[in-house]
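Here's the structure we're looking at; comments come further down.
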Ligand SMILES: NC(=O)c1ccc[n+]([C@@H]2O[C@H](COP(=O)([O-])OP(=O)(O)OC[C@H]3O[C@@H](n4cnc5c(N)ncnc54)[C@H](O)[C@@H]3O)[C@@H](O)[C@H]2O)c1
């Protein structure tokens with residue numbers, strides 16, 4: 003049986019990962035400081051004999067015996083990562099150092115949940131892994147973007163210097179049940195506003211695009227990457243290349259919720275990328291992975307979750 007550590011395991015993606023690991027028979031240690039995560043997300047696993055939840059901040063060292071480490075701990079939405087930007091950088095950088103140190107000590111394989119934000123506001127479209135990005139080092143998003151870039155650097159230096167088995171996954175926008183209801187991410191924002199009958203906020207003219215990956219597809223890619231051959235480190239993009247403008251997304255949400263909310267426009271926040279779309283050729287060839295869930299089906303599941311859980 004594999005002993006698997008998931009940092010950030012009580013968050014949106016982490017809790018779905020814990021579900022899948024428990025399903026396949028791993029012994030799972032979920033570590034979280036509950037900054038944006040919630041015990042509710044893993045409450046259904048608490049009675050399981052192979053599941054354990056530990057409150058811990060990854061910016062401090064951790065000593066446990068495990069075979070696999072999925073390092074997901076980090077607030078992921080601008081509202082949360084900009085609230086305490088120094089802590090955000092510490093979580094990414096000290097967190098990576100602590101988890102890599104642990105992996106080295108116990109000879110565990112380690113996966114980093116990196117992000118498409120390492121590409122910044124890209125001049126290349128769609129973004130392949132070989133593109134180095136265009137990131138503002140001193141802006142309000144830098145605590146997250148540069149923290150994640152530095153974490154990637156640390157992963158590759160531990161790999162070169164200490165021969166650690168690393169996997170670096172660049173996650174593109176992912177959505178689904180257990181997203182935080184008010185963290186400003188566009189899918190949850192639109193759904194919550196539509197269900198409450200509030201105006202739907204579109205930043206700028208709404209022509210900026212994003213691609214949206216449903217959570218089950220993302221977790222499938224993460225598990226495949228972790229179990230890929232030892233010499234495959236990534237970085238590898240995991241996301242859904244289907245590209246939608248914010249206006250198209252809002253119209254889909256209005257249609258599927260049957261809401262009569264109106265669309266209102268507000269100025270674009272600073273450093274907001276205009277386009278974001280993954281090039282997933284590498285994931286296809288190296289991991290035999292492609293996303294399967296279309297936007298409409300994923301939105302339906304997510305809307306049902308928000309309707310049931312948040313009494314909107
Ligand atoms: N969801 C996405 O679209 C997306 C996109 C790109 C990258 N990612 C990355 O995936 C990971 C998970 O994101 P998510 O969407 O599930 O976000 P989330 O906020 O739901 O999950 C992050 C989890 O980490 C925990 N955490 C934060 N700081 C911590 C610390 N110092 N110590 C221990 N735990 C801490 C939070 O409490 C939370 O449970 C993050 O690293 C994020 O950067 C997510």
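In this note's numbering, the protein residues as written are 3 to 314. Note that CB positions come from ideal geometry on N, CA and C, so glycine has one too. Please read these numbers as outputs of a predicted model, since none were measured by experiment.
**Request:** Taking the CB atoms as reference points, tell me whether residue 208 and residue 249 lie closer together than 8 Å.
**Result:** Contact flag set, yes.
**Asked** Secondary structure at residue 245, three-state DSSP: helix, strand or coil?
**Response** Of the three classes helix, strand and coil, the one that applies to residue 245 here is strand, per DSSP.
**Message:** Can you tell me whether residue 46 is buried or exposed? The criterion is at least 16 other CB atoms within 10 Å of its CB, across all chains shown.
**Reply:** Taking all protein chains in view, the Cβ of residue 46 is surrounded by fewer than 16 other Cβ atoms within 10 Å, so the residue is classified as exposed.
**Request:** Under 7 Å Cβ to Cβ from residue 67, same chain only, skipping five residues before and after it: list those, please.
**Result:** If we look at residue 67 and ignore the five residues flanking it on each side, its Cβ neighbours are 5, 108.
**Prompt:** Is the closest heavy atom of ligand 3 to the C-beta of residue 232 under 7 Å?
**Reply:** Among the ligands in the structure shown, ligand 3 does not appear; only ligand 1 can be found there.
**Request:** Using three-state DSSP, classify residue 14 as helix, strand or coil.
**Result:** If DSSP states are grouped into helix, strand and coil, residue 14 belongs with the helices.
**Item:** Sub-8 Å separation of residue 145 and residue 175 beta-carbons
**Value:** No, these two residues do not count as a Cβ contact at 8 Å.
**Message:** According to DSSP, is residue 100 part of a helix, a strand, or is it coil?
**Reply:** Residue 100: helix per DSSP, three-state reduction.
**Prompt:** Is the beta carbon of residue 199 sitting closer than 8 Å to the one on residue 263?
**Reply:** Yes, these two residues count as a Cβ contact at 8 Å.
**Prompt:** Can you give the beta carbon distance from residue 116 to residue 171, rounded, assuming they're within the 8 Å contact cut?
**Reply:** Contact flag correct, Cβ pair sits at about 6 Å.
**Prompt:** For the alpha helix (DSSP H) that residue 5 lies in, which residues bound it at each end?
**Reply:** Element bounds for residue 5: not the alpha helix (DSSP H) but the beta strand (DSSP E), 5 to 9.
**Request:** Let me know the secondary structure DSSP gives residue 279 once reduced to three states.
**Result:** Residue 279 carries a coil assignment under DSSP once its states are collapsed to helix, strand and coil.
**Request:** Please go through the segment 39 to 104 and give each complete beta strand (DSSP E) segment of 3 or more residues, from N-terminal end onward.
**Result:** Here the runs fully enclosed are 53 to 57, 70 to 73.
**Asked** What's the C-alpha gap between residue 100 and residue 233?
**Response** The C-alpha of residue 100 lies about 23 Å from the C-alpha of residue 233.
**Message:** Helix, strand or coil, according to DSSP, for residue 169 in the structure here?
**Reply:** Of the three classes helix, strand and coil, the one that applies to residue 169 here is strand, per DSSP.
**Request:** Pull up the distance between the alpha-carbon of residue 43 and that of residue 17, whole angstroms please.
**Result:** For residue 43 and residue 17, the distance between alpha carbons rounds to 6 Å.
**Request:** Measuring alpha carbon to alpha carbon, tell me which of 177, 49, 110, 91 ends up nearest residue 153.
**Result:** For the residues 177, 49, 110, 91, the minimum Cα distance to residue 153 belongs to 91.
**Request:** Quick one: using the 10 Å Cβ neighbour count with 16 as the cut-off for buried, is residue 167 buried or exposed?
**Result:** Buried: at least 16 other Cβ atoms inside 10 Å.
**Message:** Shorter than 7 Å, the distance from the beta carbon of residue 149 to the closest heavy atom of ligand 1, or not?
**Reply:** No, ligand 1 has no heavy atom inside 7 Å of this Cβ.
**Prompt:** Grouping DSSP H, G and I as helix and E and B as strand, with all else coil, what is residue 176?
**Reply:** If DSSP states are grouped into helix, strand and coil, residue 176 belongs with the strands.
**Asked** Can you give the Cα-Cα distance for residue 295 and residue 204, rounded to whole angstroms?
**Response** Rounded to whole angstroms, the separation of the alpha carbons of residue 204 and residue 295 is 25 Å.
**Request:** Please list the segments of the alpha helix (DSSP H) lying wholly inside the segment 108 to 167, counting only runs of 4 or more residues, in order along the chain.
**Result:** Unbroken alpha helix (DSSP H) stretches of 4 residues or longer found wholly inside the segment 108 to 167: 144 to 164, given in chain order.
**Asked** Hey, quick one: how far does the alpha helix (DSSP H) through residue 219 stretch, first residue to last?
**Response** That run of the alpha helix (DSSP H) goes 217 to 228.
**Asked** Quick one: what's residue 32 bridged to in DSSP?
**Response** Under the DSSP definition of a beta bridge, residue 32 partners with 8, 55.
**Message:** I want to check one thing, is the minimum distance from the CB of residue 58 to the heavy atoms of ligand 1 below 7 Å?
**Reply:** For ligand 1, at least one heavy atom lies less than 7 Å from the Cβ of residue 58.
**Message:** Please determine whether the Cβ atom of residue 36 lies at a distance below 7 Å from any heavy atom of ligand 1.
**Reply:** Yes, the Cβ of residue 36 comes within 7 Å of a heavy atom of ligand 1.
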